[in-house]
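Following: one structure in structure tokens, then a few remarks.
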Amino acid sequence: MLKRNWPVVALVVVLAAGLVAPLVTGASPAGFYVEVLLGGLMAGVLYSLVALGFVLIFKASGVFNFAQGAMVLFAALAVARMAEVMPWWLAALLAIGIMVVLAWVIERVVLRPLVNQEAIALLMATLGVTYFLDGFGQTVWGSDIYEINLGIAKEPVMVLDNLFQGGILVNKEDFVAAIAAAGLVALLALFFQKTPTGRALRAVADDHQAAQSIGIPLNRIWVIVWSVAGVVALVAGVIWGSKLGVQFSISLVALKALPVVILGGFTSVPGAIIGGLIIGVGEKMAEVFLGPVLVKMFDLAGGGIENWFAYMLALLFLLVRPEGLFGEKHIDRV
Amino acid sequence: MLYRENGQFKTSYAADQQMLPIRQDQIFMLALVAFAFAVVPLIASDYLIRAILIPFLILSLAALGLNLLTGYCGQVSIGHGAFMAVGAYAAYNIALRLPWMNILVVLVLAGLAAALAGMIFGIPSLRIKGLYLAVATLAAQFFFDWVFARVKWFTNYAPSGSVSVPDIELFGFVLNTPQRKYLFVLAIVALFALLAKNLVRGHVGRSWMAIRDMDVAAEVIGIRPMAAKLSAFAVSSFFVGVAGALWGFIHLGAWEPLAFSITLSLNLLFMIIIGGLGSILGSFFGAAFIVVLPILLNQVPAALGIPISTAMASHLEFMIFGALIVFFLIVEPHGLARLWAIGKEKLRLWPFPH
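Chains as they are written, first to last, in the numbering used here: chain A, 1 to 334; chain B, 335 to 688.
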């Protein structure tokens, strides 16, 4: 077992060594290190949420949904603009309705005519949807930077100052966000395991034809899956928007969810969560601790390695373990 | 009536295997090339050449390169904008540091640099395919974006991070007018299109197509997947690298790393989807479509007298763009090249119904 998996083990060992190196070598004070770690986890939660949308849709319909990022932006814009005239929770509820309608339209207009096409054609179609949603969202809701105010204090709180020198600065909002994300994941797990609809969804994900032959309506299932993905996008968008403001760059940053699903496996919900946390922590660590080293070594014009670190990590993973951490093993070796 | 191959009997293998076996096609192609070389530079306005024809030709070349990889060998890449960047920056650095070198040699070297980069990022294709590979090539895109923005040597320590190049000189001619630039680009693109056409109908192209259609079967009949896939990556990146160098030197003149961002990669992908996967002609159709569409979209509201803000126009452009892509995929998944083929088929029968 170990013999066959040695590249994976080697990669994990190198990554783990890199993770603890700053602490062990004393390059950073412990308090600062924990702060970076927490910041990474927080970013990771957001990546996880976007990746979750990807995985849901990929499992149920085999569509690689490039538009997930655009859906996050669209939902966030909807909430932000509607929250200007009503309480934010009402706006969020209305936005959920909008996302369901959107899912229905996408199924009707895009997916149904393209059924049985190759994966690449479907990928292209979701790219088209991405462009359309980006344009549509900004036409309807405007293209400035908007704020989502959830009514949570933003000022950082000092915790654990008896354990670390100087304490650790954390954002109360980040904690709320992390709890919300965890709650959403738990809710989804319940939905998938306990409700008849959830069971039907899992059946479709397992085998389209078998599911259809026992009477599960594929089209309706797809609408439901896209709606659920839309709601997940909404939660991600609201958290993200309340943290950094709602703007176009959300749509692009959501591309980070791609390496996350590679790392966690395309078909694994826990994989999306854990993959997101790994990517989030990994790239923050790399940016803060590896970045300055690289800058000094190669005389760079600034760091910014978090832009590609996640992708390189995913690339390495693809070479040693193509199915991801938790993905289904599929043997097509050529 | 006019387009019919009746009575054109082939009496030798060479005649049977030539590139354009039908006489009408030969005449049409010759006329098209003659028109492009001799007539267009005389009648086209400077604006038309600068804003439409030159970008169209260069992007055709890039789309052609991507089509060799995605359309013929079946390997998806969302990183070809990065390989264009590699070509452009390689050409910039070679021209800067070895100024005595002929521009044609520079272009070839830039292409080779891109080919090397393409092969390195093509290595994952030996183990993974399809969507997984798409993400792997995305890594190339973001990595090279970062490299050219941050590593100062590549931009010759320019403080703004953007580089500019002088007009290029070819055998004593300075390419400083749109017409000269156009002819230079046209010659190169025509040459590469000829090369691509012959590559795909020869041994190499057939091994690519075998890999695309069914990799296991291809391996069984003796095609080496590694050689086929990596050669597809190399040739494709070579084409795209040359296109990138031309894009920088001829079209842009001065550029920053953002010029080769992921938007460009996605646009290249759209070109070959809309034009037609696995079609040389389709690459040109797709490039024409993508170049002309935004210009048209900008012109239409003005022509109709509808006042529209620039921001609104760009959002509408996004929307129409996305809608058109979905529309094309639904109505004609095989692209414009298929429409062209259908048209030719109809023309063969016309004026008879069968």
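Virtual Cβ for every residue (Gly too), placed ideally from N, Cα, C. This one's a predicted model, so the numbers in the text were calculated from it and none came from an experiment.
Only residues of its own chain outside the window of five on either side were considered, and among them G582 have a CB closer than 6 angstroms to the CB of B:W589, listed in chain order.
Residue contact check for A:V109 against chain B: a CB pair falls below 9 angstroms.
A:L300 belongs to the set of residues whose beta carbon lies under 9 angstroms from a beta carbon in chain B. At a cut-off of 9 angstroms between beta carbons, A:G128 contacts chain B.
Assigned with DSSP and collapsed to three states, B:W589 falls in strand. With a cut-off of 8 angstroms on Cβ pairs, the stretch 245 to 254 of chain A is in contact with the stretch 76 to 96 of chain A, counting three or more such pairs. Listed in chain order, the alpha helix (DSSP H) elements of length 4 or more contained wholly in the stretch 589 to 642 of chain B are 596 to 609, 614 to 638.
Judged by their CB atoms, A:V50 and A:G276 are nearer to each other than the 9 angstroms cut-off. The stretch 69 to 78 of chain A makes contact with the stretch 129 to 149 of chain A; the number of CB pairs closer than 8 angstroms reaches 3 or more. In this structure, the beta-carbon distance from A:Q117 to B:P667 falls below 9 angstroms.
Look at B:E679: its C-beta is not under 9 angstroms from any C-beta on chain A. Annotation: the continuous alpha helix (DSSP H) that includes B:L467 extends over 465 to 484.
Setting aside the 5 residues that flank it on each side, A:G271 is surrounded in the same chain by G264, G265, G324, L325, F326, G327, each with a C-beta closer than 7 angstroms to its C-beta; the list follows chain order. Distances from the CA of A:T267 to each of A:A181, A:R112, A:V204, A:V238 were compared; the closest alpha carbon is that of A:V204. In the assembly as shown, A:P217 is an exposed residue. Its beta-carbon has fewer than 16 other beta-carbons within 10 Å. Those residues of the stretch 113 to 145 of chain A placed with their C-beta closer than 8 angstroms to a C-beta in chain B are P113, L114, Q117, A119, I120, A121, L123, M124, A125, L127, G128, V129, T130, Y131, F132, L133, D134, G135, F136, Q138, T139, S143, ordered along the chain.
Distances from the CA of A:I145 to each of A:L19, A:S249, A:F32 were compared; the closest alpha carbon is that of A:S249.
Each residue's CA atom was taken as its position, placing B:V538 and B:A468 some 23 angstroms apart.
For B:T404, the nearest beta carbon of chain A is closer than 9 angstroms to its own beta carbon. Interface criterion not met: the Cβ of A:F289 is under 9 angstroms from no Cβ in chain B. Neighbours of B:P591 in chain A, taken as residues at a C-beta separation under 9 angstroms, are lacking, since the least C-beta distance is about 11 angstroms. It is roughly 20 angstroms from the alpha-carbon of B:W487 to the alpha-carbon of B:S595. Excluding five sequence positions before and after B:N532, the CB atoms of its chain that fall closer than 8 angstroms to its own CB belong to M353, given in chain order. Per the Cβ contact rule, the stretch 624 to 642 of chain B is not in contact with the stretch 103 to 118 of chain A (fewer than 3 Cβ pairs under 8 angstroms). At a cut-off of 9 angstroms between C-beta atoms, A:W222 does not count as an interface residue with respect to chain B. Separation of B:G609 and A:Y311 (C-alpha to C-alpha, rounded to the nearest whole angstrom) is 29 angstroms.
In the displayed model, B:E679 falls within a helix according to three-state DSSP.
DSSP, reduced to helix, strand and coil, places B:V508 within a strand of the structure shown. Within 10 angstroms of the beta-carbon of B:N510 lie fewer than 16 other beta-carbons, which makes it exposed. A straight-line Cα-Cα distance of about 56 angstroms links A:G18 and B:D380.
Taking 9 angstroms as the cut-off, the Cβ atoms of B:G421 and B:A444 count as close. For the stretch 633 to 647 of chain B, the beta-carbon criterion of a distance under 8 angstroms to any beta-carbon of chain A is satisfied by A645, M646.
In the DSSP assignment, B:M418 falls within the unbroken alpha helix (DSSP H) covering 414 to 431. Taking the Cα positions, A:L316 is about 22 angstroms away from B:G408. With a beta-carbon spacing of about 6 angstroms, B:L580 and B:V519 fall inside the 8 angstroms limit used to define contacts.
By the beta-carbon neighbour count (other beta carbons within 10 angstroms, threshold 16), B:G399 is buried.
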